[in-house]
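The structure under discussion appears below in the form of structure tokens.
Protein chains: 2
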Amino acid sequence: MAKKIKLADVAEAVGVSAITVSRVLRKPELVSESVRLRVTEAVARLGYVPDPAARALASARTDVLGVLIPSVTNNVFSSVLRGIYNRVEGLPFNIQLGNTRYSVLEEERLLDVFLRQRPSGLIVSGIDQSARSKALLRQADCPIVQIMEIGDDPVDMMVGLSHRDAAGAAIRHLQARGYRRIAFLGARMDPRTRSRLVGYEQVMKEIGLLDERLIVTTPRASTVTLGCELLIELLSRTTEVDAVFCNNDDLAIGVLFECQRRRISVPDDFGICGFNDLEMMAVANPPLTSVRTNREEMGRRAIEMLIARIAGEPIDEPVVDLGFEIVARHSTAGLRPREARRRP
Amino acid sequence: MAKKIKLADVAEAVGVSAITVSRVLRKPELVSESVRLRVTEAVARLGYVPDPAARALASARTDVLGVLIPSVTNNVFSSVLRGIYNRVEGLPFNIQLGNTRYSVLEEERLLDVFLRQRPSGLIVSGIDQSARSKALLRQADCPIVQIMEIGDDPVDMMVGLSHRDAAGAAIRHLQARGYRRIAFLGARMDPRTRSRLVGYEQVMKEIGLLDERLIVTTPRASTVTLGCELLIELLSRTTEVDAVFCNNDDLAIGVLFECQRRRISVPDDFGICGFNDLEMMAVANPPLTSVRTNREEMGRRAIEMLIARIAGEPIDEPVVDLGFEIVARHSTAGLRPREARRRP
DNA sequence: TTGTTAAATGATAGCGCTGTCATTTGTCAA
DNA sequence: TTGACAAATGACAGCGCTATCATTTAACAA
Chain A
0 MAKKIKLADV
10 AEAVGVSAIT
20 VSRVLRKPEL
30 VSESVRLRVT
40 EAVARLGYVP
50 DPAARALASA
60 RTDVLGVLIP
70 SVTNNVFSSV
80 LRGIYNRVEG
90 LPFNIQLGNT
100 RYSVLEEERL
110 LDVFLRQRPS
120 GLIVSGIDQS
130 ARSKALLRQA
140 DCPIVQIMEI
150 GDDPVDMMVG
160 LSHRDAAGAA
170 IRHLQARGYR
180 RIAFLGARMD
190 PRTRSRLVGY
200 EQVMKEIGLL
210 DERLIVTTPR
220 ASTVTLGCEL
230 LIELLSRTTE
240 VDAVFCNNDD
250 LAIGVLFECQ
260 RRRISVPDDF
270 GICGFNDLEM
280 MAVANPPLTS
290 VRTNREEMGR
300 RAIEMLIARI
310 AGEPIDEPVV
320 DLGFEIVARH
330 STAGLRPREA
340 RRRP
Chain B
0 MAKKIKLADV
10 AEAVGVSAIT
20 VSRVLRKPEL
30 VSESVRLRVT
40 EAVARLGYVP
50 DPAARALASA
60 RTDVLGVLIP
70 SVTNNVFSSV
80 LRGIYNRVEG
90 LPFNIQLGNT
100 RYSVLEEERL
110 LDVFLRQRPS
120 GLIVSGIDQS
130 ARSKALLRQA
140 DCPIVQIMEI
150 GDDPVDMMVG
160 LSHRDAAGAA
170 IRHLQARGYR
180 RIAFLGARMD
190 PRTRSRLVGY
200 EQVMKEIGLL
210 DERLIVTTPR
220 ASTVTLGCEL
230 LIELLSRTTE
240 VDAVFCNNDD
250 LAIGVLFECQ
260 RRRISVPDDF
270 GICGFNDLEM
280 MAVANPPLTS
290 VRTNREEMGR
300 RAIEMLIARI
310 AGEPIDEPVV
320 DLGFEIVARH
330 STAGLRPREA
340 RRRP
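Shown next as structure tokens:
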């Protein structure tokens, strides 16, 4: 960075004061056109770029939008991030990503790191922050959006969906298609997964089909391999199963592969429903039913809510429910007549 | 942030000067034990945390390690990021992630944004930066690691592998298993994919099997769905194909699903080889051969190289080749005898 | 005791920008 | 012409920290 150009250098070149150059950059409408043009030209000619640290120190503000997510590996968050990055493109903000790795402590630490930088806005994942995190968030003097889930008690704003309702709807779909012994496969067991389990249990109880043996969960991170393993575990507990609701699509794909290996016919003998509707679900063999969540839009909306608030606009809807959609595909087309069916 | 505690407040509470408190925090060995203890106690009691902007302005340095990757959606980079985050845990650095979205312009812009913050180190993806980007990198006064690929002309340090060699090895593997009409499916066509294509072409020419009709590429981002589509495109060009080298595992999974649908038997009639060896390859049906790359280690090593250089240690190996491994699975077990085979 | 050196601490001056208020210039009605 | 007010520009201080150099204190040999 050969000898850094600073505000004063530009000011000297143009023959105005430093503060005028600063104004041209930040509030050009306060400066006369002739001066503005000369300054703009000099900025370009000298290649001046403001120092973010000095700016932050002087103004107690940065152009940073902080985003805290629990995982960079998980496809779900990739989609949200895509929505965020696409929406913020062209705006004078910079995304700063924090990876909490599903750790409450790491979330608290990162929140601390982020808030100390005085971001323009913050996006955090989930609604179950620790008491300490919530306190930090409430004290923060920037707009905040909690994403992924919705609840009654937003720190500031929220955009997400009810995972409990989404899971419930998936179970009702399976039931409507004639499946009865519907299992639940869950990995990671983060708050979202737990909500889905609650939804599953509620509906299964309502329709009188709840059986604890059908619920298989693990704290391990969800993978395709884990889908195979959980299915094996499930079948070792009971062969009285005719469908499975997988807590996400990786598991569902794993279950499908394992079914193929075991010559369990999907959907004739066994229904499979995933969650999130990743792109691959539609082209699996057979195509797999899943619960579509609007992840990219979630990211986009979160950014829009932030910039609206930064611009001082009133938010008429601080909690946005993006809903979900059961995308029914062949994997839950229904069991074939009992007499012709072979139990797994 | 109720009334921010600053260095001077701590200094006053302890009865020392501000600079002493600063020293306790940054170079405790310069301060006597008694003072150090009193200061540490006061820092904890008052909940003091340094202001990063002030620190950056005064010291012309930040604790930021910048990471530029072309995609947050791509599993390959997720793994690298995991390696990075794991290795940096517990160290006094913060990862700042930039998403270039495979855009040269965006990479230049982000490089500018990042360098202006005077990071402690920088990780950039690939070795084909634009001339402007390379100039920026060479002028930067922090250590830099280029990851993913290796080449002769490192800006500073490199850790990656030869994608050309990896692809070549995959083709030789297919050849050794008896496949002859080996196709190449490529999406995105970023520099890494192009290198693999070069490796493919080289080896195919060497063994006298090169046929342009067997090469199907697209600039679209790679997905499972695209794998299906590319296979369909390939088969519409020529049915004289007995294996496919997919440029990444998403495509390979798509190809597998499409083969299942078309009742093309893998590996009896058709071999499939992927690239990257994502977790799901091992549990697909049949399990899919792939080229394993050490992505997590790549992230880890990149961080280690940075911190070694930050600590002033000499780097004896500025270009690290992490290599690759052909993980042979059932999907490339070989064709069944010709008389019994049914062409796709 | 004195001088010499190292260890510990402090005073001072910014880092590069922006907030605040003051001043100058321009505009227009009376 | 004058005064009133808005528009345009500037002076100055300071954001919270650290680099640099100066000073004080401690330690110890001569």
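If you read the sequences in order, they're chains A and B.
Those letters in the first sequence? Residues 0 to 343, by numbering that gives the first Met the number 0.
Those letters in the second sequence? Residues 0 to 343, by numbering that gives the first Met the number 0.
Just so it is clear, CB atoms sit at the ideal spot from N, CA and C, and this is done for glycine as well.
Looking only at its chain, what residues have a beta carbon closer than 7 Å to the beta carbon of residue i, apart from the 5 residues adjacent to it on each side?
{"i": "A/ALA59", "result": "ARG117"}
{"i": "A/GLU200", "result": "LEU209"}
{"i": "B/ILE309", "result": "SER119, GLY120, PRO142"}
{"i": "A/PRO353", "result": "Look at the range of chain A in this structure, 0 to 343, and you will see that residue 353 of chain A is not part of it."}
{"i": "B/ASP249", "result": "SER221, THR222, VAL223, GLY226"}
{"i": "B/HIS329", "result": "PRO266, PRO285, PRO286"}
{"i": "B/ALA283", "result": "ILE252, LEU255"}
For residue i, count neighbouring Cβ atoms within 10 angstroms of its own Cβ and tell me buried if that reaches 16, exposed if not.
{"i": "B/SER16", "result": "exposed"}
{"i": "A/THR292", "result": "buried"}
{"i": "A/VAL103", "result": "exposed"}
{"i": "A/GLN95", "result": "buried"}
{"i": "B/ASP320", "result": "exposed"}
{"i": "A/THR288", "result": "buried"}
{"i": "A/ALA1", "result": "Below a pLDDT of 50, predicted positions are generally treated as unreliable, and A/ALA1, at 49, falls in that range; the measurement from the model is reported next regardless. Exposed, by the Cβ-count rule."}
{"i": "B/GLN128", "result": "buried"}
{"i": "A/CYS222", "result": "Per the sequence presented here, residue 222 of chain A reads as Thr, with Cys not at that position. Answer is buried; the Cβ neighbour count reaches 16."}
{"i": "A/GLU211", "result": "exposed"}
{"i": "A/GLN145", "result": "buried"}
{"i": "A/ALA165", "result": "buried"}
{"i": "A/ALA175", "result": "exposed"}
{"i": "B/ILE314", "result": "exposed"}
Measuring CB to CB, does residue i end up less than 9 Å from residue j?
{"i": "B/ALA52", "j": "A/PRO51", "result": "yes"}
{"i": "A/ALA301", "j": "A/ILE126", "result": "no"}
{"i": "A/VAL318", "j": "A/ILE122", "result": "no"}
{"i": "B/MET157", "j": "B/ARG191", "result": "no"}
{"i": "A/VAL23", "j": "A/ARG35", "result": "yes"}
{"i": "A/VAL202", "j": "A/GLY167", "result": "yes"}
{"i": "A/VAL243", "j": "A/LEU230", "result": "yes"}
{"i": "B/THR99", "j": "A/ASN74", "result": "no"}
Out of curiosity, what's the CA-to-CA distance linking residue i and residue j?
{"i": "B/ARG260", "j": "A/GLY273", "result": "20 Å"}
{"i": "B/SER194", "j": "B/ILE214", "result": "14 Å"}
{"i": "B/GLY65", "j": "B/ARG108", "result": "13 Å"}
{"i": "A/ALA130", "j": "B/LEU136", "result": "43 Å"}
{"i": "B/LEU80", "j": "A/SER161", "result": "30 Å"}
{"i": "A/ALA12", "j": "A/ALA41", "result": "7 Å"}
{"i": "B/ASN85", "j": "A/SER235", "result": "35 Å"}
{"i": "A/ALA281", "j": "B/GLY89", "result": "42 Å"}
{"i": "B/ILE325", "j": "A/ARG187", "result": "31 Å"}
{"i": "A/ILE18", "j": "A/ALA43", "result": "17 Å"}
{"i": "A/LYS133", "j": "B/ALA134", "result": "44 Å"}
{"i": "A/ASP189", "j": "A/TYR101", "result": "8 Å"}
{"i": "B/GLU28", "j": "B/VAL38", "result": "13 Å"}
{"i": "A/LEU6", "j": "A/GLY14", "result": "12 Å"}
{"i": "B/ALA169", "j": "A/LEU255", "result": "28 Å"}
{"i": "A/VAL9", "j": "A/SER33", "result": "15 Å"}
For residue i, collect the residues of the same chain with a Cβ closer than 8 Å to its Cβ; drop the 5 residues on either side in sequence, then sort them by chain order.
{"i": "B/ASP152", "result": "ILE126"}
{"i": "B/ARG25", "result": "none"}
{"i": "B/LEU184", "result": "VAL215, THR216, GLY226, LEU229, LEU230, LEU233, VAL243, PHE244, CYS245, ASN246, LEU250, VAL254"}
What do you reckon, is the C-beta of residue i under 8 Å from a heavy atom of the ligand GTP?
{"i": "B/LYS3", "result": "Annotation note on the ligand GTP: not contained in the displayed structure, which lists no ligands."}
What does a CB cutoff of less than 6 Å around residue i pick up in its chain, not counting 5 residues either side in sequence?
{"i": "A/ARG163", "result": "SER194, VAL197, GLY198"}
{"i": "B/ALA332", "result": "PRO266"}
Item to check | Near-chain B residues of the region 187 to 203 of chain A - C-beta to any C-beta below 8 Å | outcome: none
Next on the checklist: Any C-beta of chain A within less than 8 Å: which residues of the region 251 to 276 of chain B qualify?
Outcome noted: ILE252, GLY253, PHE256, GLU257, GLN259, ARG260
Checklist entry - According to a CB-to-CB cut-off of less than 8 Å, which residues of the region 156 to 178 of chain A neighbour chain B? => result none
Checklist entry - According to a CB-to-CB cut-off of less than 9 Å, which residues of the region 89 to 114 of chain A neighbour chain B? => result ASN93, ILE94, GLN95, LEU96, GLY97, ASN98, ARG100, GLU105, LEU109, ASP111, VAL112, LEU114
Checklist entry - Closer than 9 Å, Cβ to any Cβ of chain A: which residues of the region 43 to 56 of chain B, in chain order? => result VAL48, PRO49, ASP50, PRO51, ALA52, ALA53, ARG54, ALA55, LEU56
Next on the checklist: Can you pull out the residues from the region 228 to 252 of chain A whose beta carbon lies closer than 8 Å to at least one beta carbon of chain B?
Outcome noted: ASP249, ILE252
Item to check | Residues of the region 283 to 311 of chain A whose Cβ lies closer than 8 Å to any Cβ of chain B, in chain order | outcome: ALA283, ASN284
Next on the checklist: Please list, in chain order, the residues of the region 206 to 230 of chain B that have any C-beta partner in chain A closer than 7 Å.
Outcome noted: THR222, VAL223, THR224, CYS227
Checklist entry - For the region 65 to 79 of chain A, which residues have a beta carbon sitting closer than 9 Å to at least one beta carbon of chain B? => result SER70, VAL71, THR72, ASN73, ASN74, PHE76, SER77, SER78
Checklist entry - What are the residues of the region 125 to 152 of chain B that lie near chain A, defined by any Cβ-Cβ distance shorter than 8 Å? => result GLN138, ALA139, ASP140
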